[in-house]
Structure formats: structure tokens, C-alpha cells
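Here's the structure, in C-alpha cells; my notes come after.
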Amino acid sequence: TLGEKYNLFPLRPIYALPLKKRFPAYLDAYRKLLSAEADFGLRLWQSEKWDVFFIYSSALDWLGHNLWSYFDEEDPAYQPNSPYQGVFQEFYQLYDDMVGRFLAAADGQTTILVISDHGQTRRPDKLVNINEMLRAQGLLIPRARRSGFHGPGYLLERFKKVLIWVFNRYGAGALSMKLLHRWPGLRQAFTLPQTIDWGKTLAYVSDLSGIKAYSYGGIIVARDRLGKRDYEELRDHLINSLKELQDT
8 TLGEKYNLFP
18 LRPIYALPLK
28 KRFPAYLDAY
38 RKLLSAEADF
48 GLRLWQSEKW
58 DVFFIYSSAL
68 DWLGHNLWSY
78 FDEEDPAYQP
88 NSPYQGVFQE
98 FYQLYDDMVG
108 RFLAAADGQT
118 TILVISDHGQ
128 TRRPDKLVNI
138 NEMLRAQGLL
148 IPRARRSGFH
158 GPGYLLERFK
168 KVLIWVFNRY
178 GAGALSMKLL
188 HRWPGLRQAF
198 TLPQTIDWGK
208 TLAYVSDLSG
218 IKAYSYGGII
228 VARDRLGKRD
238 YEELRDHLIN
248 SLKELQDT
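Add 7 to the 1-based position in the sequence shown for the numbering used here, that's all there is to it.
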């Protein structure tokens with residue numbers, strides 16, 4: 008295996024939380040990681056005859072998620088004269104150098120592709136809580152809170168948030184994925200809020216993102232609980248309700 012043949016320690020992942028006081032250390036670590044990735048990638052590429060060779064680097068992903076507001080002047084959180092204002096340009100130059108090294112080492116029969124799993128822009132500063140819209144229309148029913156006591160469902164939600172924070176804080180993402188593969192029911196426990204009365208709720212926003220910090224997907228309609236209500240009529244009502252949402 009590669010781990011037995013090469014020293015992979017310089018290529019270990021960086022679990023970098025968005026703690027501002029540690030930004031200089033994170034950036035220095037990513038500079039070293041990028042250099043190590045380029046050196047090791049070229050060494051490995053030139054050591055064998057490959058049909059397909061793939062190398063992955065993650066520095067720009069962390070930069071985009073955590074430092075975007077330091078260089079985008081239109082971002083509401085933009086801070087002029089920040090020491091991080093030129094970081095994106097610096098790292099794009101580092102990546103250009105990395106690609107250039109591979110291009111220089113390639114022969115005329117080699118095709119090099121540079122691809123990304125997603126682009127990057129600033130985070131939206133205005134959000135819409137679709138579940139709140141559904142609640143206001145009586146389609147999503149929250150669990151009733153007892154006076155002076157939040158109940159086990161609300162306590163479980165608090166525990167889930169703490170557990171996710173621990174996983175993120177100590178880089179236990181790989182462990183969480185293993186747990187979800189081992190016990191698939193954990194995914195549902197994390198993605199279905201216990202603060203919702205599922206026995207009475209007719210529509211809610213799906214959460215296809217698992218235990219990540221954001222959700223995406225469509226509106227789920229519980230057909231088995233519609234009773235005499237027509238599904239297509241409710242579907243059209245939801246579509247029109249979304250169209251009528253306005254920024255006030």
C-alpha cells in the first residue's frame with residue numbers, strides 16, 4: 008500500500024474550525040499541505056505508468072467557506088485592510104504553480120483536467136424558513152411544550168447539537184460516517200427534528216444533507232395523512248405559496 012511505501016504524514020487532513028485567532032496557523036498549515044501534495048503527486052505520477060491519475064487538494068474549499076468575507080467588498084461582513092484580504096490571490100497563484108509543474112512534466116500524449124466539485128461565492132445574507140411558512144399554514148405541527156419543561160424531544164435536539172459540535176470540533180467526521188453506515192437509523196434520528204409532531208404534520212422540508220449544518224431538498228407531503236385533502240390541490244397551493252413569498 009502507499010502507506011507502507013511512502014511517508015504520508017505530511018498529507019494528513021487539516022481539521023480547521025473557523026476560529027479567527029487560529030487563522031494564521033491554519034493558513035500556514037495549508038501552505039505546507041499544498042506544497043506537500045504537489046511534491047508527492049508529481050513523485051507518484053512520475054514513478055509509474057498511469058492510465059488515469061487523480062490528485063485532490065482541499066485548501067480552496069476551507070478558504071472559501073471561512074475567509075470569503077475578507078476580500079469580497081460587497082459582503083456585509085467585509086473588513087477593509089484585513090491581513091487576509093490577499094489570501095485568495097496567493098493561494099490561486101500557488102495552485103497555478105502546482106498545475107504548471109504537472110504541465111511541464113507531461114508529455115504530448117497526456118491530457119490534464121482541472122475540475123472542482125463546486126464553485127464559491129459569499130453566503131446568502133437573507134434566508135427563508137420554509138418550515139415556518141408551513142407551520143403558519145397549519146401544515147407543520149410543532150410538539151406542544153409543557154409549562155416550565157421542554158420535554159424529551161427538545162432535550163434530544165439540544166443533545167444532537169452538542170454531539171455535532173463535538174464531531175466538528177475534534178475532527179470526528181470519519182467516525183460519524185462509520186457510525187451512520189453501521190447504524191443507518193442514526194441518520195433519521197439526526198435529520199428528523201424531535202420538536203415536530205410527525206403524527207399530525209402534513210408537509211415539511213426534507214433534509215437530504217444528513218448531519219451537515221445546512222439542508223437542501225424539496226417539501227415532503229405526507230400522503231398517508233392527507234385524509235380527504237387532495238394531493239395535487241395541496242401541491243399547487245404550496246407552489247403558489249412559495250411564489251408569493253416576498254422580501255419585506
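Using N, Cα and C, we set each Cβ at its ideal position, and we do this for glycine too.
- Message: Within the continuous alpha helix (DSSP H) that includes Ile148, where are the two ends?
- Response: Taken as a continuous stretch (DSSP letters only), Ile148 belongs to no alpha helix (DSSP H), as it is neither H nor E.
- Candidates Arg230, Tyr37, Thr202: closest to Tyr99 by CA position: Tyr37
- Query: With distances taken between CB atoms, is the gap from Glu44 to Ser76 smaller than 7 angstroms?
  - Reply: no
- Query: Would DSSP call Ile119 helix, strand or coil?
  - Reply: coil
- Task: State yes or no: is the C-beta of Gly93 within less than 7 angstroms of the C-beta of Gln127?
- Result: no
- Query: Leaving out five residues before and five after Ile119 in sequence, what residues of the same chain have Cβ atoms less than 8 angstroms from its Cβ?
  - Reply: Val106, Phe109, Leu110, Ala113
- Message: Using the three-state DSSP reduction, which class does Val106 fall into: helix, strand or coil?
- Response: helix
- Item | Whole-angstrom distance between Glu239 and Arg230, CA atom to CA atom | 10 angstroms
- Query: Any idea which residues DSSP pairs Val212 with across the strands?
  - Reply: Ile226
- Cβ pair Arg130, Asp79 closer than 7 angstroms: no
- Residue from Gly224, Lys235, Leu147, Leu252 with nearest C-alpha to Thr202: Leu147
- Below 6 angstroms CB to CB, which residues in the same chain sit around Thr208 once its five sequence neighbours on both sides are set aside? Leu147, Ile148
- Which term fits Ile137, buried or exposed, when burial requires 16 or more other beta carbons within 10 angstroms of its beta carbon? buried
- Message: Quick check: is any heavy atom of the ligand GTP less than 6 angstroms from the C-beta of Lys27?
- Response: Within the structure as shown, the ligand GTP is missing, as the structure has no ligands at all.
- Ser248 and Ile227: beta carbons closer than 7 angstroms? no
- Message: Quick check on Ala210: buried or exposed, where buried means 16 or more other Cβ atoms within 10 Å of its Cβ?
- Response: buried
- Buried/exposed call for Ala151, threshold 16 Cβ in 10 Å: exposed
- Query: My guess is that Tyr33 and Ile21 are in contact by the Cβ rule of under 8 angstroms, so how many angstroms apart are they, rounded?
  - Reply: 7 angstroms
- Can you list, in chain order, the residues of its chain whose CB lies under 7 angstroms from that of Asp132, leaving out five sequence neighbours each side? Pro83
- Using beta-carbon positions only, say whether Asn88 and Pro25 come within less than 7 angstroms of one another. no
- Give the straight-line distance between the Cα atoms of Tyr91 and Arg29, rounded to the nearest whole angstrom. 12 angstroms
- Would you kindly check if the distance between the Cβ of Phe60 and the Cβ of Trp52 is under 7 angstroms? yes
- Message: Please classify Leu15 as buried or exposed, where buried requires at least 16 neighbouring CB atoms within 10 angstroms.
- Response: exposed
- Query: If we count the other Cβ atoms within 10 Å of its Cβ and call it buried at 16 or more, is Ala66 buried or exposed?
  - Reply: buried
- Message: Quick check on the burial criterion: 16 or more other C-beta atoms within 10 angstroms. Buried or exposed for Leu245?
- Response: buried
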